[in-house]
Amino acid sequence: MLKAKDIKEKYVRSHPSPFCPGCGGGMVLNSLSRAVEKSKLSKDEIVAVSGIGCAAWIPSPHWRVDTLHTTHGRAIAFATGVKLGNQDLEVMVVSGDGDCAGIGGNHLLHGARNNVDMNVFMINNGLYAMTGGQVAPTTEHDEETLTTPYGNPSSSFEAAEVVKAAGAGHVARWTTYHMNELIEEVEKAIETDGFSFIEILTQCPTRTGKKKNMSGLEMLEWYKENTSKDQDTEKIYVGTLSKVDKPELTEQIYRQIKEAGGDPK
Ligand code: SF4
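In this note's numbering, the protein residues as written are 800 to 1064.
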């Protein structure tokens, strides 16, 4: 395994980082890079697609793979096009919770339903961080945000459970506290021929931390104390939620084109 400085040199573009001190974005980038290194996937085989938000900065400009930085909420739609265009590519979407489950929620549902072969990493910090900390579908009920100063009147959207119900091939949830488990789950996602969705609870000390009076480190400790690998507790479950075999969309389309006498390429 490469050392930390070699991982950085091989996988990280050396831009000045836009991430705030203590942000979990760099930890996610580290996990993705280490998983790719362990998987023996070539960087040339990867296309990382992102929308808009702090999480979108993880691949673009930071990850040293081919990237496609698209419009707000549309990363999964663009990623579907990339996969249909070239089945041999390993397509990865890195998206924040507002981008993925809010603005892009419809694409998320249908990407999962169609089991399109891609890996979606939803970086969940529970609000729209980049634009100032507005309420998102993933914000907990009663939680104060910039736009819910008296507490969030809505219920929180359980994205991983919804994606599981929509029929994705592989669904999991981890946090930035669980780096080793996260790396292993990303490897599983790479091996899955279908829609893999990993929700990553990620600390945002600048927005959520400020509201809760917690540092980045304290938020990591909160993840440690309030998550469990046992589903029969009141804590937030972390681990694989679902793994099913079902037809994958691009395979079906390529097969139909061939059966009709055409060449999908
Ligand atoms: S606002 Fe939050 S998510 Fe965005 S870079 Fe700062 S700490 Fe990270």
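From the three backbone atoms N, C-alpha and C, an ideal C-beta is built for every residue, glycine too.
What is the DSSP secondary structure of residue i, counted as helix, strand or coil?
{"i": "Met826", "result": "helix"}
{"i": "His868", "result": "strand"}
{"i": "His969", "result": "strand"}
{"i": "Ile806", "result": "helix"}
{"i": "Val919", "result": "strand"}
{"i": "Ala854", "result": "helix"}
{"i": "Glu943", "result": "coil"}
{"i": "Thr1007", "result": "helix"}
{"i": "Ser995", "result": "strand"}
{"i": "Leu801", "result": "coil"}
{"i": "Leu840", "result": "coil"}
{"i": "Leu1000", "result": "strand"}
{"i": "Val811", "result": "strand"}
How many angstroms separate the CA atom of residue i from the CA atom of residue j?
{"i": "Thr1005", "j": "Asp896", "result": "16 Å"}
{"i": "Gly880", "j": "Glu983", "result": "27 Å"}
{"i": "Val848", "j": "Leu867", "result": "5 Å"}
{"i": "Asp865", "j": "Gly1038", "result": "29 Å"}
{"i": "Glu986", "j": "Lys839", "result": "10 Å"}
{"i": "Glu960", "j": "Pro936", "result": "14 Å"}
{"i": "Gln886", "j": "Pro1063", "result": "10 Å"}
{"i": "Leu883", "j": "Lys1011", "result": "43 Å"}
{"i": "Ala928", "j": "Val1043", "result": "33 Å"}
{"i": "Leu907", "j": "His969", "result": "13 Å"}
{"i": "Lys1009", "j": "Asp992", "result": "40 Å"}
{"i": "Ser1014", "j": "Thr975", "result": "14 Å"}
{"i": "Ile1035", "j": "Tyr1022", "result": "9 Å"}
{"i": "Tyr949", "j": "Arg863", "result": "42 Å"}
{"i": "Gln1055", "j": "Val811", "result": "40 Å"}
Could you check where the alpha helix (DSSP H) with residue i kicks off and where it finishes?
{"i": "Thr879", "result": "874 to 884"}
{"i": "Ala911", "result": "904 to 912"}
{"i": "Val985", "result": "978 to 990"}
{"i": "Leu1048", "result": "1048 to 1058"}
Could you give the residue range of the beta strand (DSSP E) that holds residue i?
{"i": "Asn951", "result": "Unbroken run through Asn951: none, as it is neither H nor E."}
{"i": "Gly1038", "result": "1038 to 1042"}
{"i": "Gly777", "result": "With the chain running from 800 to 1064 in the structure shown, residue 777 is simply not present."}
{"i": "Leu1016", "result": "Per DSSP, Leu1016 belongs to no beta strand (DSSP E); it is in the alpha helix (DSSP H), 1015 to 1025."}
{"i": "Ala847", "result": "845 to 849"}
Which residue's Cα is closest to the Cα of residue i: the options?
{"i": "Ala967", "options": "Ser995, Ala988, Ile851", "result": "Ser995"}
{"i": "Asn924", "options": "Cys899, Met917, Leu908", "result": "Cys899"}
{"i": "Ser954", "options": "Ala964, Glu943, Gly931", "result": "Glu943"}
{"i": "Lys1028", "options": "Met929, Arg833, Leu1048, Leu981", "result": "Leu981"}
{"i": "Gly825", "options": "Lys1045, Asp1031, Ile1035, Gln1002", "result": "Gln1002"}
{"i": "Gly872", "options": "Met978, Ile902, Cys819, Arg833", "result": "Ile902"}
So residue i and residue j are supposed to be a Cβ contact under 8 Å. How far apart are they, rounded?
{"i": "Leu1040", "j": "Arg972", "result": "6 Å"}
{"i": "Ala958", "j": "Ala911", "result": "Wrong, their Cβ atoms sit about 10 Å apart, outside the cutoff."}
{"i": "Val893", "j": "Phe920", "result": "5 Å"}
{"i": "Asn918", "j": "Ala988", "result": "4 Å"}
{"i": "Thr1026", "j": "Leu926", "result": "So it is not a contact: roughly 19 Å between Cβ atoms."}
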